[in-house]
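**Student:** Take a look at the following structure, please.
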Amino acid sequence: MNRDRISPIDAVEWAAQEQGRRHAGDAADARTSAVSADYRQIAMALRSLPRGAPPPDFTAAVLRQVAVHEAGVEKRLVPVLIAVLVVVTAAMVLLFGRYWWQLVQLHVGHDGIRWAVALAACMLASRLCRRWLRRPAPTMADALYRHA
């Protein structure tokens, strides 16, 4: 349940929007405020937009734009960042791994470590199963090609 009070500024703004929408088709009205006149122009512009269907190749055009965008800096930058992350992680493990492992053993214990390894194994198995289930289904052509 919304109990927020509408501020007087919001109420005035809402009224100006509604007045501009109502008078969008009218000639310039001297009774409207400057804000209402602005909203009237916006409403007239929105009403004048074409209402036809998108072009037949709209989806393909959007996909082409996305593909062009994805081929930009991100595609080259992500592998570099992953390599930096791997190098820094390896350096941290080499420098502080022994101390970290001692703290884990002290606070978690051997049973906790076993449970953590079991959890990691389950997560890996889940990931591998998900990848296996998402593989493309074999087609009849694949089956015929294998038996030929």
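Be aware that the sequence shown starts at 124, since it is given in our numbering, and climbs by one per residue. By construction, the Cβ of each residue, glycine as well, lies at the ideal position given by its N, Cα and C atoms.
1. Checking 8 angstroms against the spacing of the C-beta atoms, do S159 and A139 come in under that value?
2. Any idea if H146 is buried or exposed, counting beta-carbon neighbours within 10 angstroms, 16 or more meaning buried?
3. CA-CA distance, L247 and P202?
4. Exposed or buried, what is Y222 when buried is set at 16 or more other beta-carbons lying within 10 Å of its beta-carbon?
5. Return yes when at least one heavy atom of the ligand SAH lies under 7 angstroms from the C-beta of R253, else no.
6. With a threshold of 8 angstroms between beta carbons, is G232 in contact with chain E?
7. Is DSSP giving H146 helix, strand or coil here?
**Tutor:** Reading off the structure:
1. The residue given as residue 159 occupies position 36 in the sequence shown. The residue given as residue 139 occupies position 16 in the sequence shown. Contact: yes.
2. Numbered from 1 along the sequence shown, position 23 holds the residue referred to as residue 146. The residue is buried, with at least 16 neighbouring Cβ atoms inside 10 Å.
3. For the purposes of this step, residue 247 is identified with residue 124 of the sequence shown, where counting begins at 1. For the purposes of this step, residue 202 is identified with residue 79 of the sequence shown, where counting begins at 1. L247 and P202: Cα-Cα distance of roughly 22 angstroms.
4. The residue given as residue 222 occupies position 99 in the sequence shown. Exposed, by the Cβ-count rule.
5. In the structure shown, the ligand SAH is absent, as is every other ligand, since no ligand is present at all.
6. Looking at the structure shown, chain E is missing, and only one protein chain is on hand.
7. One-based indexing of the sequence shown puts residue 146 at position 23. Residue state, collapsed to three classes: coil.
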